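Student: Numbering (the working numbering), first residue to last: 1 to 285. Please see the structure below; I have some questions.
Shown next as structure tokens:
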């Protein structure tokens, strides 16, 4: 594991007008919400086709601290769907390419980079003691997703999990529901099974997990080599995976997943701050 934190030394923050840069956030959500965003610490695990767009949106929404966890480097095959993937970032760590981008967008944001893959065995090492206000799981491995969800639920860390983004073309079918209620979603179906069998989550369609999930109700368009899209190894014919390298993928879907997820995170953070503070949102011009 390699961990690093930006020190914001490459820019003179006295020359940057925070209010001018992020005033639109205050006018939309209210000044108390902007202050909450600026003080918030959000963790994003997995910064690929969906996670990279989540990070982009949070940085542009004035989030003050971001922890990014991923071990992958940018590959040429990422360019069709990941915001940090460009010709001049190929071979660079994905989290580093994003951290450099964030500094140009929101130099007030402190970014911690953890260059590692999260597993059921290293959860406490990577996540423990970091005081996250919110966590987004954009991992493509069912076992790791289930472990992260169980870890967060046991510690009351507000979180959001992301379903499959490959094999889809219609971003209007993206939705947010309790993880126990998702449809057309083989990755999250596998995660549900693991949570019930290995972590004691409730069984039955009427029992909520109290974990929100972003997913699409669009049936997956499976490539000819279905095994390329397997969850955790072998898969039955035709299904599975958030990993877009096996499925075909489109940025119109992966980015939309990211925007829906970021909007949900901001809503949660705002409600957390504003539960006792009434806010009036101006009418649209």
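Think of the CB as a built atom: it goes at the ideal place given N, C-alpha and C, for glycine as much as any other residue. Model, not experiment: these values are computed from the prediction.
When we look at the beta-carbon of residue 145 and count the other beta-carbons within 10 Å, is it buried (16 or more) or exposed?
Tutor: Working through the chain shown from its first residue, we reach residue 145 at position 145. A buried status is given to residue 145, since no fewer than 16 other beta-carbon atoms sit within 10 Å of its beta-carbon.
Student: Spatial neighbours of residue 95 within its chain, please: C-beta separation below 7 Å, excluding the five flanking residues on both sides.
Tutor: Counting from one through the chain shown, the residue named residue 95 turns up at place 95. Hits under 7 Å: 47, 68, 70, 113 and 115.
Student: Can you tell me which of 148, 138, 27 and 21 puts its alpha carbon nearest to the alpha carbon of residue 125?
Tutor: Residue mapping note: residue 125 aligns to position 125 of the chain shown, counting from 1. Ranking 148, 138, 27 and 21 by CA distance to the CA of residue 125 puts 148 first.
Student: Please list the segments of the beta strand (DSSP E) lying wholly inside the segment 101-131, counting only runs of 3 or more residues, in order along the chain.
Tutor: 110-115
Student: Is the number of C-beta pairs between the segment 73-92 and the segment 127-146 that are closer than 8 Å three or more?
Tutor: no
Student: Evaluate the contact criterion for the segment 208-218 versus the segment 181-193: three or more CB pairs, one atom per stretch, below 8 Å.
Tutor: Cβ pair count under 8 Å is three or more, so yes.
Student: Looking only at its chain, what residues have a beta carbon closer than 7 Å to the beta carbon of residue 54, apart from the 5 residues adjacent to it on each side?
Tutor: Against the chain shown, residue 54 aligns to sequence position 54. Within the same chain, residue 54 has close Cβ partners 44, 136, 138, 258, 261 and 262.
Student: Looking at the structure shown, is residue 99 part of a helix, part of a strand, or coil, going by DSSP?
Tutor: For the purposes of this step, residue 99 is taken as residue 99 along the chain shown, with counting starting at 1. Helix.
Student: Under three-state DSSP, which class holds residue 68?
Tutor: As a working mapping, residue 68 is identified with position 68 in the chain shown. DSSP places residue 68 in strand when its eight states are reduced to three.
Student: Compare the Cα-Cα distances from residue 51 to each of 40, 211 and 66 and report the closest residue.
Tutor: Taking the chain shown and counting its residues from 1, one reaches residue 51 at position 51. Nearest option by C-alpha distance: 66.
Student: Can you list, in chain order, the stretches of the beta strand (DSSP E) that have 3 or more residues and sit fully within the segment 15-82?
Tutor: Counting only unbroken stretches of 3 or more residues, the beta strand (DSSP E) elements lying wholly within the segment 15-82 are 41-45 and 65-69, in sequence order.
Student: Between the beta-carbon of residue 222 and the beta-carbon of residue 49, is there less than 7 Å?
Tutor: What you label residue 222 is simply residue 222 of the chain shown in a count that begins at 1. What you label residue 49 is simply residue 49 of the chain shown in a count that begins at 1. No, Cβ-Cβ distance for residue 222 and residue 49 is not below 7 Å.
Student: In the DSSP output, what is residue 178 paired with across the bridge?
Tutor: In the chain shown, counting from the first residue as 1, residue 178 sits at position 178. 212, per the DSSP bridge assignment.
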